[in-house]
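*Asks:* For the sequence shown, numbering that gives the first Met the number 0 assigns the number 0 to the initial residue and increments by one for each residue that follows.
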Amino acid sequence: MPLELNTLNNPTHLAAVTTADKVYEQLLQQIVNGTIAPGSKISEPELSKKFEISRSTLREALNRLEKCHLIERKANVGSRVVDCSIEGLLELYITREALEGMACRQAAMNMTDDEILSMKQMLKDHSNQQDLKDGISYYQEEGDVDFHYKVILGSHNQQLINIICGQLYHLVRMYRIQFGMKSSRAKRAFQEHSQIIQAIADRDGELAELLMRRHIAASRKNIERKITEQT
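1) Which residues in the same chain have their Cβ closer than 8 Å to the Cβ of isoleucine 226, if we skip the five residues on either side of it in sequence?
2) To which residues does DSSP link lysine 181 through a beta bridge?
3) Are the region 192-207 and the region 56-70 touching, with three or more C-beta to C-beta distances below 8 Å?
4) By the three-class DSSP mapping on this structure, what secondary structure does glutamate 71 have?
5) Along the chain, where does the beta strand (DSSP E) that runs through serine 126 open and close?
6) Give the single residue among Val80, Gln128, Thr34, Glu114 whose Cα lies nearest to the Cα of lysine 186.
7) Tell whether a beta-carbon distance below 8 Å holds between threonine 94 and leucine 159.
8) Tell me which residue opens and which closes the beta strand (DSSP E) that valine 80 is part of.
9) With burial defined as no fewer than 16 other Cβ atoms inside 10 Å of the residue's Cβ, what is the status of arginine 224: buried or exposed?
10) So the candidates are Tyr174, Glu114, Arg172, Ser182; which of them puts its Cα closest to the Cα of lysine 149?
11) So valine 80 packs on serine 39, CB below 8 Å; how close in whole Å?
12) Identify, in the order they occur along the chain, each residue of the same chain with its Cβ nearer than 7 Å to the Cβ of histidine 169, setting aside the five sequence neighbours on each side.
13) How close, in whole Å, do the beta carbons of asparagine 109 and serine 154 come, if the pair is a contact with beta carbons under 8 Å?
14) If I'm right that glutamate 99 touches isoleucine 199 with Cβ under 8 Å, what's the distance once you round it to whole angstroms?
15) Please classify glutamate 208 as buried or exposed, where buried requires at least 16 neighbouring CB atoms within 10 angstroms.
16) Quick test of your reading: asparagine 22 and isoleucine 52, contact by CB under 8 Å. State the CB separation rounded to the nearest angstrom.
17) Beta-carbon separation of tyrosine 174 and leucine 46 under 8 Å?
18) If you run the structure through DSSP and keep just helix, strand and coil, what is isoleucine 52?
19) So leucine 116 and isoleucine 196 are supposed to be a Cβ contact under 8 Å. How far apart are they, rounded?
20) Using 8 Å for Cβ pairs, my map puts glutamine 194 next to leucine 210. What's the rounded Cβ distance?
21) Quick check: what's the CA-CA separation for threonine 17 versus lysine 48?
22) Thinking tyrosine 138 and phenylalanine 189 are a contact (beta carbons under 8 Å), I'd like their distance in whole angstroms, please.
Structure, rendered in structure tokens:
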């Protein structure tokens, strides 16, 4: 019997309690959406003044961003937002293919019928986006309306959830939001999502994993092309 989702620890949905938590959330969103540009230097004095917090509180927030691989910190150099590089993309998306492919296989085994119905309804809602109908973009908000996020939780595998949601999720979103969602591939990406959830509904784990791997590989090539065009 698969575990209920509410019994699983979800690292992306920890409540912001402390001041450091709240600063982390604000910086996280600004980095992911590109308000703070990739490669930007992080000035601790400027951020401490902006948020009216101590340097120790700020460093607590920066430690969490580092664990999400959104910033890099080097002795005697300081902190920088990670660059959206071809090399980083390749490493991240090869890892995604393996881990999300396995999450998809597990979801075909463990996702409940109600969860599958919920995902199908979510895709139906996605299909009503005007930008998607026009083939301009396929934007998905973070969390419960993000197809990939729902598949990962639907695996009911805590280790996969910890690794993908706890360490990689926001870095993946950074690449997707800044390079992948506005694309001529929008309609095709939506069709691939529909095929994946149908394989999960059919309880065909092998096919579900294969389709997810192909989907992520196609997304990687799309983002790689966009990064190349901008360099």
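C-beta atoms are modelled at their ideal positions from N, C-alpha and C, and glycine is treated no differently.
*Replies:* A quick look at the data gives this:
1) Residue mapping note: residue 226 aligns to position 227 of the sequence shown, counting from 1. Excluding positions up to five away in sequence, the list reads Cys83, Ser84, Ile85, Leu88, Phe178.
2) Position 182 of the sequence shown, counted from the start, is the residue given in the question as residue 181. DSSP lists Ser136 as partners of lysine 181.
3) no
4) For the purposes of this step, residue 71 is taken as the residue at position 72 of the sequence shown. Correct three-state label for glutamate 71: strand.
5) Taking the first residue of the sequence shown as position 1, residue 126 is located at position 127. It is not in any beta strand (DSSP E) - serine 126 carries neither H nor E in the DSSP assignment.
6) As a working mapping, residue 186 is identified with position 187 in the sequence shown. Checked all of Val80, Gln128, Thr34, Glu114; the closest Cα to lysine 186 is Gln128.
7) On the sequence shown, residue 94 is found 95 positions in, with the first residue counted as 1. On the sequence shown, residue 159 is found 160 positions in, with the first residue counted as 1. Cβ atoms of threonine 94 and leucine 159: not closer than 8 Å.
8) As a first step, residue 80 is located in the sequence shown; it is residue number 81 there, counting from the start. From DSSP, the beta strand (DSSP E) with valine 80 extends over 77-80.
9) As a position in the sequence shown, residue 224 is number 225, starting the count at 1. So arginine 224 ends up on the exposed side.
10) Translated into the one-based positions of the sequence shown, residue 149 becomes position 150. Selected option, being the one with the closest Cα: Glu114.
11) Start at 1 with the first residue of the sequence shown, and residue 80 comes out as number 81. Start at 1 with the first residue of the sequence shown, and residue 39 comes out as number 40. Yes, valine 80 and serine 39 are in contact; Cβ-Cβ is about 5 Å, under 8 Å.
12) Translated into the one-based positions of the sequence shown, residue 169 becomes position 170. Here the set comprises Leu27, Val31, Cys67, Leu69.
13) Position 110 of the sequence shown, counted from the start, is the residue given in the question as residue 109. Position 155 of the sequence shown, counted from the start, is the residue given in the question as residue 154. Rounded, the Cβ-Cβ distance is 6 Å, consistent with contact.
14) Along the sequence shown, read from residue 1 onward, the residue named residue 99 stands at position 100. Along the sequence shown, read from residue 1 onward, the residue named residue 199 stands at position 200. Your pair glutamate 99 and isoleucine 199 does not check out as a contact, with CB atoms roughly 12 Å apart and the cut at 8 Å.
15) Position 209 of the sequence shown, counted from the first residue, corresponds to residue 208. Flag for glutamate 208 reads buried.
16) Working through the sequence shown from its first residue, we reach residue 22 at position 23. Working through the sequence shown from its first residue, we reach residue 52 at position 53. Note that residue 22 is valine in the sequence shown, not asparagine. With a Cβ gap of about 6 Å, valine 22 and isoleucine 52 count as contacting.
17) Counted from its first residue, the sequence shown places residue 174 at position 175. Counted from its first residue, the sequence shown places residue 46 at position 47. No, these two residues do not count as a Cβ contact at 8 Å.
18) On the sequence shown, position 53 is the one that residue 52 refers to. If DSSP states are grouped into helix, strand and coil, isoleucine 52 belongs with coil.
19) Residue 116 sits at position 117 when you count from the first residue of the sequence shown. Residue 196 sits at position 197 when you count from the first residue of the sequence shown. Not really, about 10 Å apart at Cβ, beyond 8 Å.
20) Here residue 194 is taken as the residue at index 195 of the sequence shown, counted from 1. Here residue 210 is taken as the residue at index 211 of the sequence shown, counted from 1. The C-beta distance from glutamine 194 to leucine 210 rounds to 5 Å, short enough to fall under 8 Å.
21) Numbered from 1 along the sequence shown, position 18 holds the residue referred to as residue 17. Numbered from 1 along the sequence shown, position 49 holds the residue referred to as residue 48. One C-alpha to the other measures close to 18 Å.
22) Taking the first residue of the sequence shown as position 1, residue 138 is located at position 139. Taking the first residue of the sequence shown as position 1, residue 189 is located at position 190. Rounded, the Cβ-Cβ distance is 11 Å, inconsistent with contact.
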